[in-house]
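J.: I'd like to ask some things about the structure below.
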C-alpha cells in the first residue's frame, strides 16, 4: 500500500481553506450585490414617490390659485354688478331729487321712498356678501343656527327646497371652530353645486351622531354626473369637490361623493369629535 506524501497534506489543507474563503467571499459579495440592488430599487421607488408628490403639490398649488381667482372674480362681480349698480342708481336718483326739490314737490315724497328702498337693497346685499365670506352666526350661535340661516336665505334666493334634520345641537357645537367651519363650508358648496351644476329643485341635509364621529349627508335630485371622470379631467367645476375633500382632510375627517343616474347626487362627510385618525365611511 502506497503511503501518502506528507508534503501534500498541508498543501491540500491550504487549498481547501482558500476555496472555503473564496466561497464565503462569493456569498458575501452576492449578498452585498443583492442588498445594493434592493437599495437601488428602494431609492428608485422613493424618488418616484417624491416626484409624484411634487407633481401633486404643483397641481394643488395650481388649484388653489384657480380657486383664489374664481373667488376674486366672484367678489368683483358682486361688487360691480349688484352693489355698484345700486349705489349708482341711488346717486342718479339723488341728483334728480336735488333738481326737483324746488320745482315739483308733489312727487318728491314718492321718489324719496324709492331711493330709500335702493339704499335698503344695497345694505342687504352688503350683509349677504359679508355672511357668505364669514357668517358671524357661526361663531356666535353655532353650526345649526348658521346652517338654518344660510339655507333659508339660499332657498329664497335660488328657489331650492331644502329639508334639514339634525340631532343633539349641544354635541355638534362642542366641535372646535375649525371643524364647524369645515362642515358649514361643505354644506354651502354642496348646495351651491346642486343648483349651479345639477339644477336641482330639492335637497336634503342630515346631521347624525355616531359614537365617535359626526356624520353629515347632503343629497339632491339634480342632474347626475360621472364623479371619477369629473375628478380625472381636473376641470374647474371639480374645484368645489376638491375643496370639500381637502377641508375634511384638514380636520381629520373623510369625504365621499356619489352620483346615481336618474336618482340623486349625495355628499357624505364624517368628522371625528376628537383629534386622531379619521373614521372610514362604509
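In the working numbering, the protein residues as written are 610 to 891. Quick reminder that beta carbons are idealized off the backbone N, C-alpha and C, glycines included.
One question on the structure: do residue 862 and residue 831 come within less than 8 angstroms of each other, judged by their Cβ atoms?
T.: Within the chain shown, residue 862 is the residue found at index 253, counting from 1. Within the chain shown, residue 831 is the residue found at index 222, counting from 1. Result no, Cβ atoms of residue 862 and residue 831 do not sit closer than 8 angstroms.
J.: In the structure shown, what three-state DSSP assignment does residue 629 receive?
T.: Within the chain shown, the letter at position 20 stands for residue 629. Residue 629: helix per DSSP, three-state reduction.
J.: Keeping to the same chain, check which residues put their C-beta closer than 6 angstroms to that of residue 804; ignore five residues upstream and five downstream.
T.: Here residue 804 is taken as the residue at index 195 of the chain shown, counted from 1. Cβ within range, chain order: 767 and 769.
J.: Could you name the residues that DSSP lists as bridge partners for residue 774?
T.: Within the chain shown, the letter at position 165 stands for residue 774. Residue 774 pairs with 815.
J.: For residue 725, tell me which candidate among 882, 870, 813 and 695 has the shortest Cα-Cα distance.
T.: Taking the first residue of the chain shown as 1, we reach residue 725 at position 116. With distances taken between Cα atoms, residue 725 lies closest to 695.
J.: I believe residue 717 touches residue 703 by the beta-carbon criterion, under 8 angstroms. Please report the beta-carbon distance rounded to the nearest angstrom.
T.: Looking up residue 717 in the chain shown gives position 108. Looking up residue 703 in the chain shown gives position 94. No, residue 717 and residue 703 are not in contact; Cβ-Cβ is about 12 angstroms, not under 8 angstroms.
J.: Along the chain, where does the beta strand (DSSP E) containing residue 828 start, and where does it finish?
T.: For the purposes of this step, residue 828 is taken as residue 219 along the chain shown, with counting starting at 1. Its beta strand (DSSP E) spans residues 822-829.
J.: Look up residue 882 in the DSSP assignment and say whether it is helix, strand or coil.
T.: Reading the chain shown from its first residue, position 273 is the one you call residue 882. Of the three classes helix, strand and coil, the one that applies to residue 882 here is coil, per DSSP.
J.: So, residue 823 versus residue 781, is the Cβ gap smaller than 8 angstroms?
T.: Position 214 of the chain shown, counted from the first residue, corresponds to residue 823. Position 172 of the chain shown, counted from the first residue, corresponds to residue 781. Closer than 8 angstroms, so yes.
J.: Nearest-angstrom Cα distance between residue 635 and residue 865?
T.: Counting from 1 along the chain shown, the entry for residue 635 is found at position 26. Counting from 1 along the chain shown, the entry for residue 865 is found at position 256. Those two C-alpha atoms are separated by around 55 angstroms.
J.: Give the secondary structure of residue 865 by DSSP, where H, G and I count as helix, E and B as strand, and everything else as coil.
T.: The sequence position of residue 865 within the chain shown is 256, counting from 1. The answer is strand: DSSP assigns residue 865 an E or B state.
J.: Kindly identify the DSSP beta-bridge partner or partners of residue 877.
T.: For the purposes of this step, residue 877 is taken as residue 268 along the chain shown, with counting starting at 1. Its beta-bridge partners are 826 and 865.
J.: Around the Cβ of residue 829, are there at least 16 other Cβ atoms within 10 angstroms (buried) or fewer (exposed)?
T.: Within the chain shown, the letter at position 220 stands for residue 829. By the neighbour-count rule (16 or more Cβ atoms within 10 Å), residue 829 is buried.
J.: Distance, Cα to Cα, residue 692 vs residue 853?
T.: For the purposes of this step, residue 692 is taken as the residue at position 83 of the chain shown. For the purposes of this step, residue 853 is taken as the residue at position 244 of the chain shown. Near 29 angstroms, if we compare the C-alpha coordinates of residue 853 and residue 692.
J.: Do residue 875 and residue 798 have their beta-carbon atoms positioned less than 8 angstroms apart in this structure?
T.: Residue numbering aside, residue 798 sits at position 189 when the chain shown is read from its first letter. Residue numbering aside, residue 875 sits at position 266 when the chain shown is read from its first letter. Result no, Cβ atoms of residue 798 and residue 875 do not sit closer than 8 angstroms.
J.: Using only alpha-carbon positions, find the residue among 851, 883, 729 and 697 that is nearest to residue 668.
T.: Taking the first residue of the chain shown as 1, we reach residue 668 at position 59. Closest option to residue 668, Cα to Cα, is 851.
J.: The alpha helix (DSSP H) that contains residue 807, what's its start and end?
T.: Your numbering for residue 807 matches position 198 in the chain shown. Per DSSP, residue 807 lies in no alpha helix (DSSP H) and is assigned neither H nor E.
J.: So, with DSSP's three-state summary, where would you put residue 834?
T.: On the chain shown, residue 834 is found 225 positions in, with the first residue counted as 1. In this structure, residue 834 counts as coil in the three-state DSSP scheme.
J.: Using only the alpha-carbon positions, how far apart do residue 812 and residue 835 sit?
T.: As a first step, residue 812 must be located in the chain shown, where it is residue number 203. As a first step, residue 835 must be located in the chain shown, where it is residue number 226. Approximately 19 angstroms, taken between the alpha carbons.
J.: Would residue 788 pass as a contact of residue 880 if the rule is Cβ separation under 8 angstroms?
T.: By one-based count along the chain shown, residue 788 stands at place 179. By one-based count along the chain shown, residue 880 stands at place 271. Contact: yes.
J.: Look at the alpha carbon of residue 815 and the alpha carbon of residue 753, and state the distance between them as a whole number of angstroms.
T.: Walking along the chain shown from the start, residue 815 turns up at place 206. Walking along the chain shown from the start, residue 753 turns up at place 144. Each residue's alpha carbon lies about 11 angstroms from the other.
J.: Let me know the secondary structure DSSP gives residue 849 once reduced to three states.
T.: Your numbering for residue 849 matches position 240 in the chain shown. Three-state result, residue 849: helix.
J.: I'd like to know whether the C-beta atoms of residue 759 and residue 745 end up nearer to each other than 8 angstroms.
T.: As a position in the chain shown, residue 759 is number 150, starting the count at 1. As a position in the chain shown, residue 745 is number 136, starting the count at 1. Not closer than 8 angstroms, so no.
J.: With a Cβ-Cβ cutoff of 8 angstroms, do residue 833 and residue 870 count as a contact?
T.: Position 224 of the chain shown, counted from the first residue, corresponds to residue 833. Position 261 of the chain shown, counted from the first residue, corresponds to residue 870. A contact, by the Cβ cut-off of 8 angstroms.
J.: What's the call for residue 891, buried or exposed, on a 16-neighbour Cβ count within 10 Å?
T.: Here residue 891 refers to the residue found at position 282 of the chain shown. Caution is warranted here: a pLDDT of 37 is assigned to residue 891, below 50, making its placement in the model unreliable, and no coordinate value can be reported.
J.: Verify whether the separation of the beta carbon atoms of residue 773 and residue 757 is less than 8 angstroms.
T.: Counted from its first residue, the chain shown places residue 773 at position 164. Counted from its first residue, the chain shown places residue 757 at position 148. Yes.
J.: Please report the straight-line C-alpha distance between residue 763 and residue 882, rounded to a whole angstrom.
T.: Residue mapping note: residue 763 aligns to position 154 of the chain shown, counting from 1. Residue mapping note: residue 882 aligns to position 273 of the chain shown, counting from 1. Those two C-alpha atoms are separated by around 28 angstroms.
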